[in-house]
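Trainee:
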Amino acid sequence: MTVLKSQPVIHNEINLKARTSNNQKGWIKKVQASRQLYWFVLPAFLIFLIFSYIPMYGIVIAFKDYVPALGIWGSPWVGFKHFQRFFDSYYFADLLKNTLGISVYSLIVGFPLPIILALALNEIKDGPFKKFTQTVTYAPNFISVVVMVGMVISFLSPSTGMINHLLEFMGFDRIAFMTDPKWFKTVYVLSGVWQGTGWSSVIYLAALSGVDTQLHEAAVVDGASRLQRIWHINLPTIRPTMVILLIMSVGSIMSVGYEKILLMQNPLNLEASNVISTFVYQQGLLDAQYSYATAVGLFNSVINAILLISVNKIASKIGESSLF
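Per our numbering, the sequence shown starts with residue 16, numbered consecutively.
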C-alpha cells in the first residue's frame, strides 16, 4: 500500500520538474529570439544598476552617525534620531510648504499645457507654419538650466530687464521679481513651462498619430465640429497617456530639482526658495552632515513612493491605465 500511495507523488514530482524544465527552455528561447533588443536595453539597465540600485545600500547611514574614517558599517547605529531631528526642526514646515507649493503649482500649470499644445499642433496641416511652430516650442528644451536662468535674470532685472521696461511703459511700477519672495514660485514655474511644454507635447503628438482617420471622417459626415471631434475622439485616445504621465508627476511631487532652485536663489528670496532638495544639498555636501542629509532625502523618497503607489492604485480601481 505504501508503494502504491507513493507512486502518484513521484509522478507529480516528475511532471513538475518536466514543466519547470520546459518553462526554462521556453524562456531561454524567447531571450535568444529577442537578443538584439536585449542588447539595446543593456546599456540603460547597467546605468540604472550602477548609478541607482547599487548606491541604495548607502541609505543605511540615515540610521547611523556616519563617520568616514569608520566606514558605513563601522559607524554607530542611532535609529531614527536624524528623522526625529528633522521633524522637530523649526524649518521642517517651511521646507515642506515650499516644496509642495512649487510642485503643486508646476503640476496645475504645467500638466495641461502640453496637452493643449499637442491638440493644437495636431489640428494644423503639415507645412512651413507647423514646422516653425514646432521648432520654436521645442527649442527651449535644449537650453541648459544655467543659460536659461541667466536669461530669466536678465529679462527680469529691475533696472535693465525687458519685462520691467515694458511694465514701466504701460504705466506700472517696476518689480524686483528675483528678490521678492512672493514672485519666486511664479517665475520658477513659468520659466519651466516655457522651457518644457513643447518637448512634453511630443509624447501626446505621438499618441495622437495613432488616431484612426476614419473616425474623424465619420464624425464630419455626422456634422461634428472641430471642437467636438477633439473632445470625443482625440482626448479619449490620449487619455491613457495622460493618466500615466499624471501618475508619474504626482509620484515625483516632492522632487523639486535643486539645480535651478540654487541658481535662482538669493538671500532675499530664501523664505520661498528653500526646498527639501536644496536643504539636502546644503547639509550633505556643504556641511558634511551625511547621515542627516541622507535621512531627509530618504523621507522625501518614501513620501514620493507612497504617493506613486496610492495614485496608481486609485487609477486602476476607477478603470484607468496604470503603471502596474
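All C-beta atoms in this analysis are idealised placements derived from N, C-alpha and C, irrespective of residue type, glycine included. From a predicted model like this one, the values you see are computed outputs, not experimental measurements.
What residue range is occupied by the uninterrupted alpha helix (DSSP H) comprising Ala-303?
Mentor: Careful: Ala-303 lies outside any alpha helix (DSSP H) and carries neither H nor E.
Trainee: Count the other C-beta atoms from every protein chain shown that fall within 10 angstroms of the C-beta of Ala-330, then say buried if there are 16 or more, exposed otherwise.
Mentor: buried
Trainee: By the 10 Å Cβ neighbour count, where 16 or more other Cβ atoms means buried, how is Leu-19 classified, buried or exposed?
Mentor: Low confidence applies to Leu-19: its pLDDT is 46, below 50, so where it sits in the model is not reliable enough to give any reading.
Trainee: Just reading off the alpha helix (DSSP H) that Trp-88 is part of, what are its end residues?
Mentor: 86-89
Trainee: If you follow the alpha helix (DSSP H) that Phe-107 is in, where does it begin and where does it stop?
Mentor: Note, Phe-107: alpha helix (DSSP H), 107-125.
Trainee: Could you give the distance in angstroms between the alpha-carbon of Gly-89 and the alpha-carbon of Val-46?
Mentor: When only Cα atoms are considered, Gly-89 and Val-46 end up about 43 angstroms apart.
Trainee: Measure the Cβ-Cβ separation of Ile-268 and Val-290 and say whether it is below 8 angstroms.
Mentor: no
Trainee: Can the beta-carbon of Ser-216 be found less than 8 angstroms from the beta-carbon of Leu-122?
Mentor: The Cβ-Cβ distance between Ser-216 and Leu-122 does not fall below 8 angstroms.
Trainee: If distances are taken between C-alpha atoms only, which option among Asn-284, Leu-261, Leu-182 comes closest to Leu-322?
Mentor: Leu-261
Trainee: Would a C-beta distance cut-off of 8 angstroms place Lys-200 and Ile-117 closer than the cut-off?
Mentor: yes
Trainee: Please classify Pro-12 as buried or exposed, where buried requires at least 16 neighbouring CB atoms within 10 angstroms.
Mentor: Since the displayed the chain opens at 16 and closes at 339, residue 12 lies outside it and no answer follows.
Trainee: Are the segment 303-313 and the segment 68-79 touching, with three or more C-beta to C-beta distances below 8 angstroms?
Mentor: yes
Trainee: In the structure shown, what three-state DSSP assignment does Lys-79 receive?
Mentor: Note: Lys-79 maps to strand in three-state DSSP.
Trainee: For Gln-280, which residues of its own chain have a beta-carbon under 6 angstroms away from its beta-carbon, when the five flanking residues on both sides are left out?
Mentor: Contacts found: Ser-288.
Trainee: Taking DSSP's pairing of strands, which residues face Trp-92 in a bridge?
Mentor: Lys-79
Trainee: Can you give the Cα-Cα distance for Gly-299 and Ala-320, rounded to whole angstroms?
Mentor: Approximately 22 angstroms, taken between the alpha carbons.
Trainee: Report the three-state DSSP secondary structure of Pro-251 (helix, strand or coil).
Mentor: helix
Trainee: Grab the span of the alpha helix (DSSP H) containing Arg-50 for me, first residue to last.
Mentor: 50-63
Trainee: Would you kindly check if the distance between the Cβ of Ala-222 and the Cβ of Thr-175 is under 8 angstroms?
Mentor: no
Trainee: Quick check: the Cα distance between Ala-48 and Ser-336, rounded to an integer number of angstroms?
Mentor: 29 angstroms
Trainee: Does DSSP classify Gln-280 as helix, strand or coil?
Mentor: Correct three-state label for Gln-280: coil.
Trainee: For Ile-259 versus Gln-210, is the C-beta distance shorter than 8 angstroms?
Mentor: no
Trainee: Once you ignore the five residues that flank Thr-17 on each side, which residues in its own chain have a CB closer than 6 angstroms to its CB?
Mentor: Confidence at Thr-17 is low in this model, with a pLDDT of 47, below 50, so the placement of that residue is unreliable and no value is reported for it.
Trainee: So what does DSSP say about Gly-176, is it helix, strand or coil?
Mentor: In this structure, Gly-176 counts as coil in the three-state DSSP scheme.
Trainee: Could you check where the alpha helix (DSSP H) with Trp-246 kicks off and where it finishes?
Mentor: Segment: none, Trp-246 is in no alpha helix (DSSP H) and carries neither H nor E.
Trainee: In angstroms with no decimal places, state the Cα-to-Cα distance between Pro-143 and Thr-152.
Mentor: Spanning the two alpha carbons is a distance of roughly 14 angstroms.
Trainee: Leaving out the 5 sequence neighbours to the left and right, which residues in its chain are closer than 7 angstroms to Val-326 when beta-carbon positions are compared?
Mentor: Ile-262, Val-265, Gly-266
Trainee: Just list the alpha helix (DSSP H) runs in the segment 141-194, keeping only unbroken ones of 4 residues or longer that don't cross its boundaries, in chain order.
Mentor: 143-153, 160-170, 177-184
Trainee: With DSSP as the reference, label Leu-220 as helix, strand or coil.
Mentor: helix
Trainee: In three-state DSSP terms, what is Ile-259?
Mentor: helix
Trainee: Check whether the segment 237-257 touches the segment 184-193, taking contact to mean three or more Cβ pairs, one atom from each stretch, closer than 8 angstroms.
Mentor: In short, these stretches do not touch, since the Cβ pair count stays below three.
Trainee: Ends of the alpha helix (DSSP H) at Leu-230?
Mentor: 228-236
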